[in-house]
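Chemist: Before I ask anything, let me first share the structure, which is written out below as structure tokens.
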Amino acid sequence: EYKLTYYTPDYETKDTDILAAFRVTPQPGVPPEEAGAAVAAESSTGTWTTVWTDGLTNLDRYKGRCYHIEPVAGEENQYIAYVAYPLDLFEEGSVTNMFTSIVGNVFGFKALRALRLEDLRIPPAYSKTFQGPPHGIQVERDKLNKYGRPLLGCTIKPKLGLSAKNYGRAVYECLRGGLDFTKDDENVNSQPFMRWRDRFLFCAETLYKAQAETGEIKGHYLNATAGTCEEMIKRAVFARELGV
Numbered sequence: 001e002y003k004l005t006y007y008t009p010d011y012e013t014k015d016t017d018i019l020a021a022f023r024v025t026p027q028p029g030v031p032p033e034e035a036g037a038a039v040a041a042e043s044s045t046g047t048w049t050t051v052w053t054d055g056l057t058n059l060d061r062y063k064g065r066c067y068h069i070e071p072v073a074g075e076e077n078q079y080i081a082y083v084a085y086p087l088d089l090f091e092e093g094s095v096t097n098m099f100t101s102i103v104g105n106v107f108g109f110k111a112l113r114a115l116r117l118e119d120l121r122i123p124p125a126y127s128k129t130f131q132g133p134p135h136g137i138q139v140e141r142d143k144l145n146k147y148g149r150p151l152l153g154c155t156i157k158p159k160l161g162l163s164a165k166n167y168g169r170a171v172y173e174c175l176r177g178g179l180d181f182t183k184d185d186e187n188v189n190s191q192p193f194m195r196w197r198d199r200f201l202f203c204a205e206t207l208y209k210a211q212a213e214t215g216e217i218k219g220h221y222l223n224a225t226a227g228t229c230e231e232m233i234k235r236a237v238f239a240r241e242l243g244v
């Protein structure tokens with residue numbers, strides 16, 4: 001039973017623990033404590049059977065713990081299971097690794113009829129391992145030479161359907177009209193009505209034109225995402241060559 005190892009109601013959470021609250025609906029005949037412990041086990045060091053390599057692992061240090069369970073008011077056979085995870089279970093600065101563990105294959109676990117992650121507390125000890133954007137606001141201000149006020153920008157609309165030339169015209173009107181920067185929407189890539197290279201060229205041309213007419217440094221954030229990493233790098237290099 002998972003409950004023997006992973007249900008620890010006497011556990012006192014640490015400031016460095018990642019805490020998750022799951023809404024659990026156990027299968028018929030499965031006690032809520034067992035269901036909560038199963039979630040803690042399957043999302044950390046446990047598996048569906050006993051393996052000899054368990055003896056090579058410091059479970060007390062690395063296991064997730066279901067430390068509290070409470071029924072959901074007004075719902076039948078639903079419980080909130082609170083699970084604590086030690087920080088060493090997760091790679092520093094990796095959202096992918098954290099969510100793969102916490103909301104990975106545990107959702108297909110047989111002991112559960114339904115499972116939902118309701119809340120997640122990420123401690124400062126973990127959030128500080130995320131370095132954030134490589135530039136940050138100060139570098140953006142330095143590039144645009146704009147200080148002492150908010151930066152004003154917009155996304156070009158309609159985001160889909162414009163030709164590259166008309167898209168560039170919209171960028172020009174926005175920048176010439178007083179905006180500090182414009183940006184591509186996330187789903188502006190390289191569709192038949194506007195191929196990426198044409199968009200990059202027209203945006204660069206109109207950006208430099210707006211800069212020359214206003215005497216200000218302007219910016220445009222090009223969406224270089226693509227179907228492959230190689231194609232993304234190719235587009236990013238082209239944007240760099242344009243100076244955008």
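UniProt numbering numbers the first residue of the sequence shown as 1 and each following residue consecutively.
For each residue, glycine too, the CB sits at the ideal point set by N, CA and C.
So, is Lys63 buried or exposed, given that buried needs 16 or more other C-beta atoms within 10 angstroms?
Modeler: It is buried - the Cβ of Lys63 has at least 16 other Cβ atoms within 10 Å.
Chemist: Using DSSP with H/G/I as helix, E/B as strand and the rest coil, what is Asp119?
Modeler: Asp119 falls in the strand class under three-state DSSP.
Chemist: Name the residue from Leu175, Asp119, Phe238, Glu205 whose alpha carbon lies nearest to the alpha carbon of Lys165.
Modeler: Out of Leu175, Asp119, Phe238, Glu205, Glu205 has the C-alpha closest to the C-alpha of Lys165.
Chemist: By alpha-carbon positions, which one of Leu162, Glu75, Met98, Arg197 ends up nearest to Val244?
Modeler: Minimum Cα distance to Val244 is reached at Arg197.
Chemist: Roughly how far, in whole angstroms, is the beta-carbon of Tyr67 from the beta-carbon of Tyr126, given that I think they are within contact range, below 8 Å?
Modeler: Between Tyr126 and Tyr67 the Cβ distance is about 18 Å, and since that is not below 8 Å, they are no contact.
Chemist: Pick out whichever of Gln211, Phe200, Lys183 has its Cα sitting closest to the Cα of Ser190.
Modeler: The candidate whose alpha carbon is nearest that of Ser190 is Phe200.
Chemist: Beta carbon of Leu19, beta carbon of Ala84: below 8 Å?
Modeler: Against a cut-off of 8 Å, the Cβ pair of Ala84 and Leu19 comes out as a contact.
Chemist: I'd like the list of long-range same chain contacts for Met98, defined as Cβ closer than 6 Å, with 5 residues on each side in sequence excluded.
Modeler: Cβ within range, chain order: Phe90.
Chemist: Pairs of beta-carbons, one from the region 171-184 and one from the region 208-215, closer than 8 Å: are there three or more?
Modeler: Touching, yes.
Chemist: Thr155 to Ala224, Cα distance in whole Å?
Modeler: So the alpha carbons of these two residues sit roughly 15 Å apart.
Chemist: Return the residue from the list Ile69, Asp17, Leu242 that minimises the CA-CA distance to Thr8.
Modeler: When each option's Cα is compared against that of Thr8, the closest is Ile69.
Chemist: Taking the CB atoms as reference points, tell me whether Tyr2 and Gly46 lie closer together than 8 Å.
Modeler: Yes, these two residues count as a Cβ contact at 8 Å.
Chemist: Would you list the residues sitting across from Gln191 in a DSSP beta bridge?
Modeler: Answer by DSSP bridge pairing, in chain order: Met194.
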